[in-house]
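In my numbering, the protein residues as written are 629 to 676.
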């Protein structure tokens with residue numbers, strides 16, 4: 629019984645880590661995209 633519990637806990641922890649990595653990757657992509665797009669937005673705002 630204890631082995632089953634630790635196994636489920638291990639799987640759950642792995643899944644949480646994978647979800648965390650995905651969230652960090654998505655955040656990094658959004659941050660990079662914003663960093664690239666922001667100068668263009670500022671330039672357009674200055675021109676108008």
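All residues carry an ideal CB built from backbone N, CA and C; glycine is no exception.
Bear in mind the structure is a predicted one, so any value in this text is a computation, not a measurement.
The three-state reading of DSSP puts residue 634 in helix, counting H, G and I together. Rounded to the nearest angstrom, the gap between the Cα atoms of residue 647 and residue 638 is 14 angstroms. Within the same chain, and ignoring the five residues on either side of residue 643 in sequence, no residue has its Cβ closer than 8 angstroms to its Cβ.
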